[in-house]
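Since the structure comes first, as structure tokens, the remarks are kept for the end.
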Amino acid sequence: MMLVNTLRRLKWMIRFGKGGHSLRELPWIKGKLYVNRSGTLRIGKRVRFVGKPWATQLTVEKGGVLEIGDHTFINAGVGIAARQRISIGSDVKIGPRTSILDSMYHQLDANDSPDASKPIVIGNNVWIGTRCTILPGVTIGENAVVAAGSLVNKDVPKNVLVAGTPARIIRELDIPEGWIRQ
Ligand SMILES: CC(C)(COP(=O)(O)OP(=O)(O)OC[C@H]1O[C@@H](n2cnc3c(N)ncnc32)[C@H](O)[C@@H]1OP(=O)(O)O)[C@@H](O)C(=O)NCCC(=O)NCCS
0 MMLVNTLRRL
10 KWMIRFGKGG
20 HSLRELPWIK
30 GKLYVNRSGT
40 LRIGKRVRFV
50 GKPWATQLTV
60 EKGGVLEIGD
70 HTFINAGVGI
80 AARQRISIGS
90 DVKIGPRTSI
100 LDSMYHQLDA
110 NDSPDASKPI
120 VIGNNVWIGT
130 RCTILPGVTI
140 GENAVVAAGS
150 LVNKDVPKNV
160 LVAGTPARII
170 RELDIPEGWI
180 RQ
């Protein structure tokens, strides 16, 4: 298993370069990770991806930027598509089958702009549960939790639990200074 992961890291290094990381700091990938990159992809140290039983997919379109901070964990079947900019902080956890997209990709009607994209920012130490959808233009404050199955279409303050479709604040969380969620 260790050998498989080392080979995956080497494969990653050949394709994307080391980005200043040592081999140990390169992404840890279990299963299938599809990367469609025409723009800028920045991956922090020791980011972990799970790609089974559902493949995980990162798409960065031409001119777009996708940044993923150190020690972030991205679970199976997650889809992230950056047309403009998606910034994911450090120590973020993203649950299975969550979608994060900064563009609607299709027009609503004839008055709608064909390429309207709005940047997404996900703060450090955020936990996004399984099967959530994060829509364009949203900022999720640090340490926040997005409950399973939520649709986030408005900004989320730091240190709160949000839930539902659309997501609403359920309560404040007790987050000591410097605390990182396990
Ligand atoms: C949010 C969560 C952690 C529970 O937190 P909690 O503090 O124990 O919350 P409670 O169960 O006490 O619920 C508090 C309120 O939020 C609501 N709520 C909780 N989870 C919800 C969800 N996923 N969607 C909608 N509402 C939800 C509850 O119905 C309750 O509302 P009420 O006060 O009107 O009855 C849990 O529901 C959850 O979503 N976990 C995510 C699990 C996951 O996706 N793991 C992925 C592994 S990476």
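When we follow numbering that gives the first Met the number 0, the leftmost residue of the sequence shown carries the number 0, and every step to the right adds one.
Ideal Cβ positions, reconstructed from N, Cα and C, are used throughout, including at glycine.
In whole angstroms, what is the alpha-carbon distance linking I179 and S112?
-> Rounded to the nearest whole angstrom, the C-alpha separation of I179 and S112 is 40 Å.
Beta-carbon separation (whole angstroms), E66 vs K44, contact threshold 8 Å | Not confirmed; about 13 Å, so no contact.
How is the alpha helix (DSSP H) around K29 delimited, first residue to last?
-> Taken as a continuous stretch (DSSP letters only), K29 belongs to no alpha helix (DSSP H), being part of the beta strand (DSSP E) at 27 to 36.
Buried or exposed: which applies to L9, given that a residue is buried once 16 or more other Cβ atoms fall within 10 Å of its Cβ?
-> exposed
According to the neighbour-count rule (16 or more other Cβ atoms, all chains shown, within 10 Å of its Cβ), is E60 buried or exposed?
-> buried
May I ask whether a heavy atom of ligand 1 can be found less than 7 Å away from the beta carbon of N74?
-> Yes; taking the cut-off as 7 Å, the Cβ of N74 has a heavy atom of ligand 1 nearer than that.
Report yes if the C-beta of K92 is less than 7 Å from at least one heavy atom of ligand 1; otherwise report no.
-> Answer for K92: yes, Cβ within range of ligand 1.
Give me the Cα-Cα distance between L134 and M12, rounded to the nearest whole angstrom.
-> 31 Å
State buried or exposed for L2, treating a residue as buried only when at least 16 other CB atoms are found within 10 Å of its CB.
-> Flag for L2 reads exposed.
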